[in-house]
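*Asks:* Before we start, here is the structure in question, set down as structure tokens.
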Amino acid sequence: MKTEQVIEQLSMRFPNEPEYIQAVTEVLHSIEPVYNQHPEFEAANLIERLCIPDRILSFRVTWTDDKGQVQTNMGYRIQHNNAIGPYKGGLRFHASVNLSILKFLAFEQTFKNALTTLPMGGAKGGSDFSPRGKSNTEVMRFCQAFMTELWRNIGPDTDVPAGDIGVGGREVGFLYGMYKKLARENTGTLTGKGLEFGGSLIRPEATGYGNVYFLKHMLATRSLDLKGKVVAVSGAGNVAQYTVDKLIQEGAKVVTLSDSDGYIYDPDGIDREKLDYIMELKNLYRGRMWEYAEKYGVKYVAGARPWSEKCDIAMPSATQNEITAEDAQTLVSNGCIAVSEGANMPSTPDAIKIFQTAGLLYAPGKASNAGGVSVSGLEMSQNAMKRAWSAEEVDQQLQRIMADIHAQCQKYGTRPDGTTDYVAGANISAFMKVARAMMAQGIL
Ligand code: GLU
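The opening residue of the sequence shown carries number 6 in this note's numbering; numbering runs sequentially from there.
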């Protein structure tokens, strides 16, 4: 494979898709050496078949707002690759959603899901509809309209959607309700469902907890732990909330959180009581982080991200490309020792280079945030068995999976000096699994 040539060709074929090209570029650079050891891969043109999604569905979603006005949005589902299991991945509802973003997410998901040890292929979907500022009934009507188009293309053994930015328990409930009504079956086709109707314990916690479990494994390689560490977390949604929850349990001090309007800096650290307030503020009242700053009298910086604040560890848990090269340089200069990604592709390629050159422990999201989709996979198993596991059982399995992902990164990413390149490790391990599965199943 001539990596640069493949990237150039993909850029020419998909010229308006920078995020997709960014995600593909990183993976291709990592896997080039192992790919070239397997001429049979090249003979089967595996690389293009792996980079280009199996199928892209796009549709119009029409719904009526509370004023009686008819609104239209775009809806999408990218079924990227099902070599190792049914398509699996979240739905993102946000004004910024476009094909490039969903294609990058579906591509990443394929690799992430391969790392989980569970049989799941990769997919992603969503809409440029944003639930922000919408009433509950508007969100419900939108979700119902979205599902009237999507339902024929999904199912427990074909494609299993879940949440992502803008799609939480409320949206999954509405989506699943409509799916059930149309499909007339109750096999759990979406994950992230409520506990009363097939959801799994620990699913809400899974991404944040999983990220902290992964971070602990990374720190252990340098005989470090989380006690007393100062952590900057971005975001304030599901992933960020349960990252803070687990960090508090581990004795770390979380000093920042953010939303798309700005960030808060709390030098005393976010304790259990403050976290309870944040969960109520965000999940019940759908409030903003400036309200936290007002309530607790701490610093609030509008229109900025928290990376200029001094910290030992950064856990970006908001969205893609939220850490630029400049931010990365600031983090390094401030003495940051580890970056573990809760979001998908939150660091730009230049930022990653800076972290790696400086010798930081750096975990790409496809490894460190895989806990979420892992527990989605466990939710699928429970639904198929028509059973429900205890929180302890699910948490145990989550811990085992995160340990396994860390071990895979070490197996495939250990450098000659004994340190681990987690980017190479995750990409090569996932690639080899998907590649072998594709090769075994013929040219499709
Ligand atoms: N959106 C999440 C992710 O990026 C979860 C996907 C899922 O549970 O299927 O992995």
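From the three backbone atoms N, C-alpha and C, an ideal C-beta is built for every residue, glycine too. A quick note: this is a predicted structure, and the numbers were derived from the prediction, not measured.
Please confirm if the segment 272-281 is in contact with the segment 402-415, defined as three or more CB-CB distances below 8 Å between the two stretches.
*Replies:* no
*Asks:* If you drop the 5 nearest sequence neighbours on each side, which residues of the same chain put their C-beta closer than 6 Å to that of Asn87?
*Replies:* Gly126
*Asks:* Let me check understanding here. Comparing Cα to Cα, which of Ala309, Leu286 and Arg310 lies closest to Glu2?
*Replies:* Residue numbering for the chain in the displayed model covers 6 to 449; residue 2 lies beyond these limits and cannot be assessed.
*Asks:* Following the continuous alpha helix (DSSP H) through Gln254, name the residue where it begins and the one where it ends.
*Replies:* Asn243 to Gln254
*Asks:* In whole angstroms, what is the alpha-carbon distance linking Asn288 and Lys438?
*Replies:* 37 Å
*Asks:* Taking the beta strand (DSSP E) that His85 falls in, what are its first and last residues?
*Replies:* Val75 to Asn86
*Asks:* Is Gln254 near the ligand GLU, judged by its Cβ being under 7 Å from some heavy atom?
*Replies:* No.
*Asks:* Determine, using beta carbons only, whether Asn21 and Ser135 come nearer to each other than 8 Å.
*Replies:* no
*Asks:* Using a threshold of 7 Å, is the CB atom of Thr121 nearer than that to any non-hydrogen atom of the ligand GLU?
*Replies:* no
*Asks:* In angstroms, rounded to a whole number, what distance separates the CA positions of Asn326 and Lys72?
*Replies:* 36 Å
*Asks:* So what's Asp164 in DSSP terms, helix, strand or just coil?
*Replies:* strand
*Asks:* Within the same chain, show all residues whose beta-carbon is closer than 8 Å to that of Ser16, passing over the 5 residues directly before and after it, in chain order.
*Replies:* Ile26
*Asks:* Taking DSSP's pairing of strands, which residues face Met320 in a bridge?
*Replies:* DSSP lists Val238 as partners of Met320.
*Asks:* Within 10 angstroms of the Cβ of Glu9, are there 16 or more other Cβ atoms? Answer buried if so, exposed if not.
*Replies:* exposed
*Asks:* For a test of your reading of the model: does the CB of Lys117 fall under 7 Å from any non-hydrogen atom of the ligand GLU? Yes or no.
*Replies:* Result yes, Cβ under 7 Å from the ligand GLU.
*Asks:* What do you get for Gln401, buried or exposed, if any count of 16 or more other CB atoms within 10 angstroms of its CB means buried?
*Replies:* When all chains shown are included, Gln401 counts as exposed.
*Asks:* Between the Cα of Gly213 and the Cα atoms of Arg189, Gly242 and His222, which residue gives the shortest distance?
*Replies:* When only C-alpha atoms are compared, the closest one is Gly242.
*Asks:* Taking C-alpha atoms, which residue in Val259, Asp426, Leu449 and Ala445 lies nearest to His34?
*Replies:* Asp426
*Asks:* Start and end of the alpha helix (DSSP H) containing Ile36?
*Replies:* Annotation for Ile36: the continuous alpha helix (DSSP H) segment containing it runs Pro23 to Asn41.
*Asks:* State buried or exposed for Glu346, treating a residue as buried only when at least 16 other CB atoms are found within 10 Å of its CB.
*Replies:* buried
*Asks:* Assign Ser135 to one of three DSSP states: helix, strand, or coil.
*Replies:* Collapsing the DSSP output to three states places Ser135 in coil.
*Asks:* Comparing alpha-carbon positions, which option in Glu37, Trp68 and Thr115 lies nearest Asp59?
*Replies:* Thr115
*Asks:* So which of Gln76, Val75, Ala28 and Tyr92 has the shortest CA-CA distance to Ile83?
*Replies:* Tyr92
*Asks:* Given Val32, which residues of its chain have a CB within under 6 Å of its CB, disregarding the five upstream and five downstream residues?
*Replies:* Asn432
*Asks:* Which same chain residues end up closer than 7 Å to Gln149 when comparing Cβ atoms and leaving out the 5 residues on each side of it in sequence?
*Replies:* Phe179 and Met183
*Asks:* Starting from Gly340, trace the alpha helix (DSSP H) in both directions and tell me its first and last residue.
*Replies:* First-last for Gly340: undefined, no H or E at that position.
*Asks:* Going by DSSP, which residues form a beta bridge with Asp169?
*Replies:* Val172
*Asks:* On the CB-based measure, 16 or more other CB atoms within 10 Å of its CB, does Thr362 come out buried or exposed?
*Replies:* By the neighbour-count rule (16 or more Cβ atoms within 10 Å), Thr362 is not buried but exposed.
*Asks:* So, for Asn158: in the same chain, excluding its five sequence neighbours on each side, which residues have a beta-carbon less than 7 Å away from its beta-carbon?
*Replies:* Leu62, Arg82 and Asp164
*Asks:* Roughly how many angstroms separate the alpha carbons of Ala167 and Gly267, rounded to a whole number?
*Replies:* 27 Å
*Asks:* Inspect the beta-carbon positions of Gly90 and Phe64 and report whether they are closer than 8 Å.
*Replies:* no
*Asks:* Sort Ala119, Val102 and Val29 by Cα distance to Ala435 and report the nearest one.
*Replies:* Ala119
*Asks:* Does the beta-carbon of Gly73, which I'm using as the reference point, lie nearer than 7 Å to any heavy atom of the ligand FAD?
*Replies:* As presented, the structure is devoid of the ligand FAD, carrying the ligand GLU as its sole ligands.
*Asks:* Three-state secondary structure (DSSP) at Phe19?
*Replies:* coil
*Asks:* Between the segment 387-401 and the segment 223-241, do three or more beta carbon pairs fall short of 8 Å?
*Replies:* The segment 387-401 vs the segment 223-241: no contact.
*Asks:* Are Val102 and Asp70 close, meaning C-beta to C-beta below 8 Å?
*Replies:* no
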